[in-house]
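K.L.:
Got a structure for you, questions after.
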Amino acid sequence: MALPPTGRLLALDWGEIRIGLALSDESQVLATPLETLQR
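Residue 618 is where the sequence shown starts when you use the numbering used here, and the numbers rise one by one after that.
Structure below.
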């Protein structure tokens, strides 16, 4: 799956205990943590 060249992306980090969510900036250079969810 190809990513768009610009625009925000939502990232998911599946861990054994928690799931982390992060959102990128418009240029897709920097991701900022949004939330940590318990599994």
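For every residue, glycine included, the Cβ atom is placed at its ideal position computed from N, Cα and C.
In whole angstroms, give me the CA-to-CA distance for Thr623 and Leu640.
P.N.:
Taking the straight line from one Cα to the other gives about 13 Å.
K.L.:
Name the DSSP beta bridge partners of Pro650, please?
P.N.:
Ala639, per the DSSP bridge assignment.
K.L.:
For Ala628 and Leu638, I'd like the C-alpha separation in whole angstroms.
P.N.:
One C-alpha to the other measures close to 6 Å.
K.L.:
Mapping DSSP to helix, strand and coil, what is Ala619?
P.N.:
DSSP places Ala619 in coil when its eight states are reduced to three.
K.L.:
Have a look at Arg625 and Met618 and give me their C-alpha separation to the nearest angstrom.
P.N.:
The straight-line gap from Cα to Cα measures roughly 16 Å.
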